[in-house]
Amino acid sequence: MPIPPTGTPVGLEIPVKNTARASSFYSAVFNWSFSPETNVGAPPEFLLVFNVPGDMFPGGGIIRKVKDAELATVPGTTKIYFYVDNMETAMERIVKNGGKKISDKEPEGDKAFYQFFEDSEGNGQAIYSYAK
1 MPIPPTGTPV GLEIPVKNTA RASSFYSAVF NWSFSPETNV GAPPEFLLVF
51 NVPGDMFPGG GIIRKVKDAE LATVPGTTKI YFYVDNMETA MERIVKNGGK
101 KISDKEPEGD KAFYQFFEDS EGNGQAIYSY AK
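Just so you know, we're using UniProt numbering here: the sequence shown kicks off at 1 and counts up by one.
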């Protein structure tokens, strides 16, 4: 793997309260697959790894149990926008799998839409889709 330029995002970490519940949520909503982390010997109830679709982050991603997830998920923190083909279907999956709808679908100009949600662990995120 080539070394990326300084400042390139290379990984994604999502803080969680429960790795089993969070991996089930992201698997059901975005079809991600998870596996135990093998490089540092962390148990799966503490840390799971996943590949970010499209190799957007060369280092992949992790869900990590944090001692105080409330501190990691306060309002106003950085949010991740996940691309989806169908926002209504994605929001149905989010709610069905323990997430919460936070906002209605909002236009971003005349070419795209976004909608905020809370995952099964209380993290504020968003789904994003282009206008069709």
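Beta carbons are placed, not taken as given, at the ideal position from N, Cα and C, and that holds for glycine.
Please read all numbers here as calculations on a predicted model, not as lab measurements.
- Ranges of the beta strand (DSSP E) found wholly within the UniProt domain "VOC" (8 to 130), counting only runs of at least 3: 12 to 16, 34 to 36, 47 to 50, 61 to 65, 81 to 83, 106 to 108, 112 to 118 and 124 to 130
- Query: Taking just the CA atoms, how far does Tyr114 sit from Pro107?
  - Reply: 7 Å
- Message: Is the separation between the beta-carbon of Glu118 and that of Ile102 shorter than 7 Å?
- Response: yes
- When we look at the beta-carbon of Ser35 and count the other beta-carbons within 10 Å, is it buried (16 or more) or exposed? exposed
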